[in-house]
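Asks: Going by UniProt numbering, the letters in the sequence shown line up with residues 1 to 238, in that order.
Note that the Cβ used here is the ideal one computed from N, Cα and C, for glycine as well.
All figures in this text were calculated on a predicted structure; none of them were measured in a lab.
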Amino acid sequence: MLGAPIDAARAITIGIAGLTWMVGWFLGNIAGSVVLSASGKAKIDVAERPVWLSASMAAALWLPQIAALFYVGRRLATGRFSGTYALRFRPLDLVGVPVGALSQLVLLRLVYWPLQVAWPDTFGDSQLEKNARGLYDTAHGVWMVVLVLVIVVGAPFVEELVYRGLLQGAARRRLSPAVAVVGVAMFFALIHFRPVEYPGLFAFGLVLGLCGIATNRLGMGIVAHMAFNATALALVAR
Numbered sequence: 001m002l003g004a005p006i007d008a009a010r011a012i013t014i015g016i017a018g019l020t021w022m023v024g025w026f027l028g029n030i031a032g033s034v035v036l037s038a039s040g041k042a043k044i045d046v047a048e049r050p051v052w053l054s055a056s057m058a059a060a061l062w063l064p065q066i067a068a069l070f071y072v073g074r075r076l077a078t079g080r081f082s083g084t085y086a087l088r089f090r091p092l093d094l095v096g097v098p099v100g101a102l103s104q105l106v107l108l109r110l111v112y113w114p115l116q117v118a119w120p121d122t123f124g125d126s127q128l129e130k131n132a133r134g135l136y137d138t139a140h141g142v143w144m145v146v147l148v149l150v151i152v153v154g155a156p157f158v159e160e161l162v163y164r165g166l167l168q169g170a171a172r173r174r175l176s177p178a179v180a181v182v183g184v185a186m187f188f189a190l191i192h193f194r195p196v197e198y199p200g201l202f203a204f205g206l207v208l209g210l211c212g213i214a215t216n217r218l219g220m221g222i223v224a225h226m227a228f229n230a231t232a233l234a235l236v237a238r
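Okay, here's the thing in structure tokens:
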């Protein structure tokens, strides 16, 4: 199962995991809103925000989430942070590189092909790539490095800790693997608040959940998520 050994993390129930996510997400969004307001660029479209602002808002969102995980782990679990949330890596986890790249290049194409045929204006490539392309177009020089660090390193690491480590780990300890993977994948997609991305994020969320179930750790999922995001960035850079 995905998650820490039972002795370390069994006190983190689905309810506690959900509350931990809610507190971290709520505080993170407040912090992000403060950063956005202070920047004076609140009225600028998301896709047109400068990289420094997007990176600052991402850090403001992530830090309270990580702090919430540390707090709950220290209060309720007897193991280390890495053990509580299955944050482990093995050489085998490099399999996540082709898994993530193929998910971006093949899986998403299969998911969106019928949707693009039926609703080309809604699910066209320009709509799917809008945010990523906007960020890429505003990144120059050192800011390109910052963009890569945020999208390819930061986002996969934090999101896998929160969604597969915390939420799926808790759900898997109480429910069947299938219910845990599907439920968290659905939530993972919805919380991005971009309906055009829901089908693809849900499909990829299933892949990430299965990586966790198959390996009993987050390593392969983090690597796959990094490769997925890196491939997306490479596609908009071509």
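I'd like the span of the alpha helix (DSSP H) that includes residue 103, first residue to last.
Replies: Looking at the DSSP string, residue 103 is not in any alpha helix (DSSP H), and its letter there is neither H nor E.
Asks: Determine the DSSP secondary structure at residue 185, reduced to helix, strand or coil.
Replies: In the structure shown, residue 185 sits in a helix (DSSP, three-state: H, G or I).
Asks: Take the Cβ of residue 241 as the centre, count every other Cβ of all protein chains shown within 10 Å, and call the residue buried at 16 or more, exposed below.
Replies: Here the chain has residues from 1 to 238 only, and residue 241 is not among them.
Asks: Apart from the five residues on each side of it in sequence, which residues of its chain come closer than 8 Å, Cβ to Cβ, to residue 4?
Replies: Its pLDDT being 45, under 50, residue 4 is placed unreliably by the model, and the measurement read from it follows with that caveat. Answer for residue 4: 77, 79, 83, 84, 85, 86, 169, listed in chain order.
Asks: Mind the definition here: the stretch 129-136 touches the stretch 204-219 only if three or more C-beta pairs lie below 8 Å; say whether that holds.
Replies: Touching, no, given that fewer than three Cβ pairs across the two stretches are closer than 8 Å.
Asks: Tell me whether the beta-carbon of residue 103 lies closer than 9 Å to the beta-carbon of residue 193.
Replies: Taking 9 Å as the Cβ cut-off, residue 103 and residue 193 do not qualify as a contacting pair.
Asks: Looking at residue 218 and residue 88, is the spacing between their C-beta atoms short of 9 Å?
Replies: Contact: yes.
Asks: Which residues in the same chain have their Cβ closer than 6 Å to the Cβ of residue 221, if we skip the five residues on either side of it in sequence?
Replies: Counting only Cβ-Cβ distances below 6 Å, and skipping sequence neighbours, we find 160, 164, 208, 211, 212.
Asks: Using 8 Å as the Cβ pair cut-off and three pairs as the minimum, do the stretch 24-32 and the stretch 63-73 touch?
Replies: Cβ pair count under 8 Å is three or more, so yes.
Asks: If you draw a straight line from the C-alpha of residue 92 to the C-alpha of residue 155, how long is it?
Replies: Rounded to the nearest angstrom, the two C-alpha atoms are 22 Å apart.
Asks: Any idea if residue 100 is buried or exposed, counting beta-carbon neighbours within 10 angstroms, 16 or more meaning buried?
Replies: Buried is the call here.
Asks: Please state whether the Cβ-Cβ distance between residue 51 and residue 143 is less than 9 Å.
Replies: Yes, these two residues count as a Cβ contact at 9 Å.
Asks: Give me the Cα-Cα distance between residue 16 and residue 74, rounded to the nearest whole angstrom.
Replies: Their backbone Cα atoms lie some 13 Å apart in a straight line.
Asks: CB-CB under 8 Å to residue 36, same chain, minus the five flanking residues each way: which ones, in chain order?
Replies: Same-chain partners within the cutoff: 42, 53, 57.
Asks: If you run the structure through DSSP and keep just helix, strand and coil, what is residue 85?
Replies: Residue 85: coil per DSSP, three-state reduction.
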